[in-house]
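Residue numbers for the sequence shown follow the working numbering, beginning at 174 and rising by one. The beta carbon of each residue, even a glycine, is placed where N, CA and C say it ideally should be. Computed from a predicted model, the values in this text were never measured in an experiment. Take a look at the structure set out below.
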Amino acid sequence: MADIEDIGFELSTIVEQSTDGFESCPSPPPPFHRNINEQEIIVQPPITFIDQEQINPIKNIVPFDSIFFSDAKNYLFETTTDESSILTETTKKSNNNFFQRFINFFRSNHNLEFHRQCQQLLNLTKYPCDMSDTIHLRILYTIYRRLTSSNEIFYTTYGSHWENIGFQSTNPETDFRSTGLFSIFFLLYFVDSMYLPLAKQIYQFSLDPLQQFPFCCIGINLANILIKYLRQTLTSQKSMQKLLNENTIIDLIGKLFIALYLNFYLIWRNNSYTIEHTQQVLSELEKILFNRPKTLVEEFDDYFRKRQEYRAQQYEFKQTNDNLI
């Protein structure tokens, strides 16, 4: 694993994923394949109307407004819930009391909740990103604005600006077909969190003339690795619970996603890699996640702890002869 102690937060100016054994989760397409531009959809500017139950005028939300992660999470979970696949006590109840006691003996309520949350995340992979869905579109534009610090107002769904943040074409929804809403979910988690400075640092580096890489496509590939890890965790009964501590499943997977991205960045930068090394780096990161997930989390936490200590030292009061009374 790359040394992660030598990187700061200062912003600089500066694929095909190997086929895995999960047929339901194919690898994303090569990062630089360009599709024919889609016909643009023109969206009218926001309009103002009067709510019948209120006196104050209300402005409707256009598809290009930003959205917070918590709001996007609630919407996505509400629209992708698959009750038949979520493991709950209700669905596992049986008239046979002995069988029920047998199940409860081996699976506590905590385990049931753990599996339910994992399945809830995996359900996101079954639903495609839809540019006609207002919330999906707002998530994409939030990712764009967070990375680029852009205040530009958009009135079209498609455009070359999507290619600027590492999508393959002017229509980003096609890039999510291998991971569904799972990858867009955690890309938003990355940029709408305390780790945004790191996301912007990696994005700026992705624009380097020699070592450039498609930021969002790499994120989709890393999400694909996490999907395989999450599926194996459930099917092989290998538990991630020892990694949870005080984290929820979402926060743990989100942390793993950002940790993978950080390691991708460090390996890529420190070895002067270019786009032809994409598969090599992704394969290396997949081995790290599957073999040493705890180490990945610990080193990620240690990295940010040291950054906080370093910043605290910068503001520490140092006694000198000038400030002595």
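With DSSP run on the structure shown, which of helix, strand or coil describes T329?
On the sequence shown, position 156 is the one that residue 329 refers to. Here T329 sits in strand by DSSP.
Counting only runs of 4+ residues fully inside the region 324-370, write out the alpha helix (DSSP H) ranges in chain order.
Taking only runs of at least 4 residues, the alpha helix (DSSP H) segments lying wholly in the region 324-370 are 334-337, 354-364.
Count the other C-beta atoms from every protein chain shown that fall within 10 angstroms of the C-beta of D365, then say buried if there are 16 or more, exposed otherwise.
Numbered from its first residue, the sequence shown carries residue 365 at position 192. D365 is buried by the Cβ-count criterion.
Three or more C-beta pairs closer than 8 Å, one from the region 422-430 and one from the region 457-470: is that the case here?
Touching, yes.
Looking only at its own chain, which residues have a Cβ that is under 6 Å from the Cβ of F388, when we skip the five neighbours before and after it?
By one-based count along the sequence shown, residue 388 stands at place 215. Contacts found: I338, G339, Y376, S379.
Which whole-angstrom value describes the C-beta separation of L416 and F473, a residue pair presumed to lie in contact below a C-beta threshold of 8 Å?
Numbered from 1 along the sequence shown, position 243 holds the residue referred to as residue 416. Numbered from 1 along the sequence shown, position 300 holds the residue referred to as residue 473. With a Cβ gap of about 11 Å, L416 and F473 do not count as contacting.
Check whether the region 280-300 and the region 321-331 are in contact - that is, three or more C-beta pairs closer than 8 Å.
The answer is no - the region 321-331 does not touch the region 280-300, with fewer than three Cβ pairs under 8 Å.
Check Q385 in the structure and name its three-state DSSP category.
Position 212 of the sequence shown, counted from the first residue, corresponds to residue 385. Coil.
For my contact list, L462 and L433 are in at a C-beta cut-off of 8 Å; report their separation, rounded to the angstrom.
Your numbering for residue 462 matches position 289 in the sequence shown. Your numbering for residue 433 matches position 260 in the sequence shown. Confirmed, Cβ separation roughly 7 Å.
Once you ignore the five residues that flank L354 on each side, which residues in its own chain have a CB closer than 8 Å to its CB?
For the purposes of this step, residue 354 is identified with residue 181 of the sequence shown, where counting begins at 1. These residues qualify, in order along the chain: L249, T253, L297, T298, Y300, P301, C302, H309.
Which one of D424, N284, F349 has the shortest CA to CA distance from I391?
By one-based count along the sequence shown, residue 391 stands at place 218. Looking at the Cα atoms, F349 is the closest of the given residues.
Thinking C-alpha only, which one of R319, V235, R289 is nearest L407?
Your numbering for residue 407 matches position 234 in the sequence shown. Checking every option, the nearest Cα to that of L407 belongs to R289.
Report the CB separation of S333 from T321 in whole angstroms; it is logged as a contact under 8 Å.
Within the sequence shown, the letter at position 160 stands for residue 333. Within the sequence shown, the letter at position 148 stands for residue 321. Actually they are not in contact, since the Cβ atoms of S333 and T321 sit about 13 Å apart, beyond 8 Å.
By DSSP, does L435 sit in helix, in strand, or in coil?
If you number the sequence shown from 1, residue 435 lands on position 262. It is helical.
In or out: T315 buried (at least 16 other Cβ within 10 Å) or exposed?
Mapped onto the sequence shown, residue 315 falls at position 142. Burial call: buried.
By the three-class DSSP mapping on this structure, what secondary structure does R465 have?
Taking the first residue of the sequence shown as 1, we reach residue 465 at position 292. Three-state DSSP puts R465 in coil, outside helix and strand.
Whose CA, out of Q384, F359, N324, lies closest to the CA of F242?
By one-based count along the sequence shown, residue 242 stands at place 69. When each option's Cα is compared against that of F242, the closest is F359.
So what's L395 in DSSP terms, helix, strand or just coil?
The residue you call residue 395 lines up with position 222 of the sequence shown. Correct three-state label for L395: helix.
Looking at the structure shown, is S305 part of a helix, part of a strand, or coil, going by DSSP?
The residue labelled residue 305 in the question sits at position 132 within the sequence shown. Here S305 sits in coil by DSSP.
Helix, strand or coil for S445, going by three-state DSSP, please let me know.
What you label residue 445 is simply residue 272 of the sequence shown in a count that begins at 1. Coil, per DSSP.
Is any non-hydrogen atom of the ligand SAH found closer than 7 Å to the C-beta of Q486, if you look at the structure I gave you?
The model on display carries no ligand, and the ligand SAH is accordingly not part of it.
With T451 and L383 assumed to form a contact (beta carbons below 8 Å), what rounded beta-carbon distance in angstroms separates them?
Within the sequence shown, numbered from 1, the residue matching residue 451 stands at position 278. Within the sequence shown, numbered from 1, the residue matching residue 383 stands at position 210. About 15 Å; that fails the 8 Å criterion.
Let me confirm a value: A372 is counted as buried when at least 16 other C-beta atoms fall within 10 Å, else exposed. Which label applies?
Position 199 of the sequence shown, counted from the first residue, corresponds to residue 372. It is buried - the Cβ of A372 has at least 16 other Cβ atoms within 10 Å.
Determine, using beta carbons only, whether E346 and M304 come nearer to each other than 8 Å.
The count along the sequence shown starts at 1 and reaches residue 346 at position 173. The count along the sequence shown starts at 1 and reaches residue 304 at position 131. A contact, by the Cβ cut-off of 8 Å.
Check whether the Cβ of I400 lies closer than 8 Å to any Cβ atom in chain B.
Among the protein chains of the structure shown there is no chain B, as only one such chain exists.
Please list, in chain order, all residues of the same chain as N464 whose beta carbon is under 7 Å from its beta carbon, the five residues on each side excluded.
Reading the sequence shown from its first residue, position 291 is the one you call residue 464. Within the same chain, N464 has no close Cβ partners at all.
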